[in-house]
Amino acid sequence: MAIHLSHQGLQQMTQLETIMIVDPDTHTRVLMQESISNASFDVITADSGRQGLDLCGEQMPSLILMNFHLPDMDGITFCRNFRDMVTGKDIPLVIVTEGDDVEVIKLAYDSGATDFIVKPVNRELLGHRLRYILRASKAMRSARTNERLLAEAQRIARMGNWTWDLCNEEMYVSGEICRIFGVPMASPCVFHQLFVNAVHEHDKQALDQAIERALSGETSDVELRIRRPNGLERTLIVHAESNAPASKKYLLGTMQDITDRKKADEAIRKLAFYDQVTGLPNRTLFREHLNVAMHHANRHGKKIAVLFLDLDNFKRINDSLGHVAGDQLLQEVSSRLKQSIRATDIASADCSHAQSNDANKHTLARLGGDEFTVMLVDLNNEKQINIVSNRILESLHEPFMLAGNRVVVTSSIGIAIYPEDGEEIDTLLKHADAAMYQVKSSGRNGVFFYDDELRRQSQNRIQLEGELYHALEHDEMTLFYQPKVSAKHLHVSGFEALVRWIHPEKGMIPPLEFIAVAEDSGLIIPMGKWVIKTACRQHQTWLEAGFGPISISVNLSCHQFSDRKLLHAVRDILEETGIEPKYLEFEITESVLMEDADTAMLVLGEMKKMGMKISIDDFGTGYSSMAYLKHFPIDVLKVDRSFIMDIPDDDREATITTAIIKLAHALNLVVVAEGVENAEQLHFLSALKCDQIQGYFFSPPVPAEKAEKLIKVPFTVR
Ligand code: C2E
Ligand code: CA
Ligand code: CA
């Protein structure tokens with residue numbers, strides 16, 4: 002249904018505004034009421050100040066028109082009482098005065114009047130006049146509300162706005178800016194002085210430049226530090242622009258206090274880029290610095306040395322004295338390192354050159370554990386590096402006092418030079434690390450420069466990695482099988498699958514030459530899958546050929562074992578090949594288990610659930626603790642070749658082997674002896690009731706066809 006409203010209807014629906022007339026003179030009241038009503042206002046009247054205030058208490062009018070001379074109170078009192086009313090603050094109060102009595106008008110304004118009308122009142126225009134006053138007061142009110150909201154917003158954002166009269170050196174600022182500067186509201190001239198004085202010495206130039214930019218018509222932001230009168234420093238972002246660049250007189254803009262945000266940013270930065278124990282830069286920051294330094298070195302034709310430092314035996318100290326002492330040692334080491342690489346050290350090493358070294362440009366970092374790196378920049382010759390690295394070694398050689406103990410620490414330093422030892426960050430670090438390992442393997446505590454031999458090795462490795470990719474793609478891998486022979490019955494009880502790489506040019510490459518590269522490059526994962534699948538297929542082939550089920554064991558390296566997808570892959574392979582899981586055995590070394598014992602426990606648990614067997618490879622070379630073995634779900638123990646090698650002649654090895662076999666049996670484990678090469682070893686092991694024998698004595702690892710023959714013809718021993 003459509004609604005049609007007439008003009009009159011509309012007027013009735015809109016609430017009319019109410020004007021209150023306060024005047025003791027009845028005649029005046031009536032005349033005014035009439036003309037105001039005619040102008041579409043509601044009117045209420047009062048003949049005294051008291052009555053007027055009471056009526057306001059009941060219903061606040063939109064405007065009050067009052068005679069300043071009231072019988073019961075003077076106009077000033079009325080004004081003040083009225084303004085004191087909560088709802089009366091913003092209502093226009095218009096005084097009607099006799100003639101232009103300046104004194105009265107001034108008094109009236111002072112006590113809260115909004116406007117005045119002089120008698121005799123022009124009744125024709127009165128309505129218009131009142132409407133105008135109402136509109137003006139509404140505009141004022143909304144401006145005041147906006148101002149309040151703006152101030153509130155500024156307070157929340159800790160941001161204030163300002164205008165700057167550059168010629169007269171005056172600065173008009175909002176309340177929030179005063180709060181930021183920690184001062185009460187001040188005159189533009191005083192604030193200007195205060196601002197100029199508060200800006201940090203080092204930031205004045207940046208401010209001047211920002212002003213220049215703003216005056217040339219650009220918008221310009223600058224970060225400034227200021228000092229409050231109480232000495233506290235705050236950081237501000239000042240945004241400046243000019244609305245009339247040509248005049249070069251005025252700027253306007255905002256200032257925001259970003260001190261807290263900066264602090265939070267700083268805290269986050271500290272977490273992200275610094276080591277929490279020593280406060281030194283971490284790996285990420287070190288790389289960043291190295292990157293910058295490399296660019297700098299390129300431009301100036303300088304060299305950089307990356308020192309990779311590792312504390313020998315830190316782990317032992319940490320384990321025996323506890324983590325607190327370990328942390329304390331790292332902190333001590335870091336402060337000695339700092340001293341050793343101080344700029345003067347390098348400068349004095351090379352007096353012929355100008356002292357260009359800035360200590361801050363050398364970076365000392367902790368990469369994690371007991372590994373530190375040092376980056377020395379602006380180098381001219383190797384002598385400088387030698388001096389610093391020897392200084393480091395010497396300083397660390399001084400005993401440390403930790404938890405009441407005198408502890409002596411030695412360290413190994415490997416050094417790679419940019420650009421000759423690597424043009425990329427990773428390469429440099431890797432090469433410095435390789436050089437450090439060279440020190441370790443040659444007896445620790447020393448310095449080693451990445452050299453030609455290491456360079457050749459590393460190049461070989463890179464080449465090998467490339468070839469390994471190719472090999473996997475082109476089926477150059479094959480499996481050899483080495484029998485495990487029952488010591489009692491001399492028949493094959495299972496095979497260990499061992500991978501071989503048939504290189505088209507180099508011929509057969511043994512796994513020890515490429516497993517480590519496969520590990521480092523991640524290629525071990527696809528390669529390992531291939532090995533498991535091929536071994537399982539071989540098992541099925543033999544089964545189908547009527548040989549009866551023959552166990553197959555497969556080696557799992559560290560990377561493979563910690564690969565989350567391993568179990569999925571194995572599940573797929575079991576399904577695809579159809580092998581019964583109990584004929585598949587995984588060989589894992591102790592160190593792989595101990596790397597992360599909790600995860601190992603879970604993975605082994607899953608493998609057991611799936612029905613596979615688990616064997617501990619190279620037993621005796623790692624942690625060698627039977628005690629922990631109890632906790633893992635293990636089936637087989639393989640005694641490492643190094644023990645077997647010297648039996649039965651070496652008493653010590655013989656005793657250990659005897660103990661291992663006895664203990665393993667006590668734990669219901671099957672024992673396999675690895676690397677059995679002669680009959681004496683075999684007899685010794687048989688007498689100890691070792692279950693299975695593996696080694697050249699019976700057979701080296703052989704291709705599948707040869708392995709098949711070994712199953713058919715039992716072994717004999719003389
Ligand atoms: P491992 O698991 O300890 O394997 C036994 C190694 O000892 C084999 O070397 C084998 O040829 C050798 N060997 C066996 N009997 C004798 C002996 O009587 N005397 C001597 N001197 N050596 C004997 P291989 O095949 O060169 O493998 C070396 C290592 O490479 C293996 O040690 C294993 O850790 C790893 N490996 C081999 N194949 C694979 C594989 O498919 N996957 C993984 N992850 N690692 C593998
Ligand atoms: Ca093995
Ligand atoms: Ca082994």
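Quick note on numbering: this note's numbering labels position 594 of the sequence shown as 595, and the sequence is numbered without any gaps.
Cβ coordinates follow ideal geometry from the N, Cα and C atoms, glycine included.
What you are looking at is a predicted structure, and each value in this text was computed from that prediction instead of being measured.
Counting C-beta atoms within 10 angstroms of its own C-beta, P702 has 16 or more neighbours from the protein chains shown and is therefore classed as buried. Taking 8 Å as the cut-off, the C-beta of K614 does not count as close to any heavy atom of ligand 3. Judged by DSSP secondary structure, G529 falls within the alpha helix (DSSP H) whose first and last residues are I525 to E545. Its Cα nearest to that of D641, the residue A655 stands out among S248, M160, P230 and A655. Taken through DSSP and simplified to helix, strand or coil, V409 comes out as coil. Classified as exposed, K249 has fewer than 16 neighbouring CB atoms from the shown chains inside 10 Å of its CB. At a Cβ-Cβ threshold of 9 Å, L66 and I22 count as neighbours. Assigned with DSSP and collapsed to three states, G606 falls in helix. Assignment of M160 by DSSP, reduced to helix, strand and coil, places it in the strand class. In the pairwise beta carbon analysis, the region 226 to 235 is classified as touching the region 173 to 192: at least three pairs are separated by under 8 Å. Apart from the 5 residues on each side of it in sequence, V278 sits with its Cβ closer than 8 Å to the Cβ of D328, L331, Q332 and R367 in its chain, given in chain order. Counting only unbroken stretches of 4 or more residues, the alpha helix (DSSP H) elements lying wholly within the region 275 to 305 are 284 to 301, in sequence order. The Cβ atoms of Q682 and I648 lie closer than 9 Å to each other.
The alpha helix (DSSP H) runs of length 4 or more contained entirely in the region 468 to 512 do not exist; there are none. Counting of Cβ neighbours within 10 angstroms places A273 among the exposed residues, the total staying below 16. When the alpha-carbon of A207 is set against those of D102, S221 and P400, the nearest one is in S221. Remark: the C-beta of M528 is in contact range of ligand 1, defined as less than 8 Å to any heavy atom. Secondary structure note for Q34: its alpha helix (DSSP H) is the uninterrupted segment T27 to N39. Apart from sequence neighbours up to five positions away, the residues of its chain that approach K304 with a beta-carbon distance below 7 Å are A298, L380, I418 and Y419, ordered along the chain. In the DSSP assignment, Y584 falls outside any beta strand (DSSP E) and carries neither an H nor an E.
Under the three-state reduction of DSSP, Q60 is assigned to coil, being neither helix nor strand. Collapsing the DSSP output to three states places E171 in a strand. Taking the CA atoms as reference points, D422 sits about 41 Å from E224. Distance from the CA of V486 to the CA of P582, rounded to the nearest whole angstrom, comes to 21 Å. The Cβ atoms of E591 and I615 lie no closer than 9 Å to each other. F481 is positioned such that its CB atom lies no closer than 9 Å to that of P715. For K639, the uninterrupted beta strand (DSSP E) run begins and ends at V637 to V640, by DSSP.
Q257 sits buried, since 16 or more C-beta atoms from the chains shown fall within 10 Å of its C-beta. At least one heavy atom of ligand 3 lies closer than 8 Å to the C-beta of K639. When the five nearest sequence neighbours on each side are left out, the beta carbons in the same chain lying within less than 7 Å of the beta carbon of I178 are those of G161, W163 and M256, in order along the chain.
Only exposed fits D111, as fewer than 16 other CB atoms lie within 10 angstroms of its CB. At a threshold of 8 Å, N556 counts as near ligand 1, since its beta carbon sits closer than that to one of the ligand's heavy atoms. In the three-state reduction of the DSSP assignment, H666 falls in the helix class, which pools H, G and I. Under the criterion of beta carbons closer than 8 Å, V677 and F698 qualify as touching, at roughly 5 Å.
Here the C-alpha atom of P550 lies approximately 11 Å from the C-alpha atom of C537.
In the pairwise beta carbon analysis, the region 445 to 460 is classified as not touching the region 506 to 514: fewer than three pairs are separated by under 8 Å.
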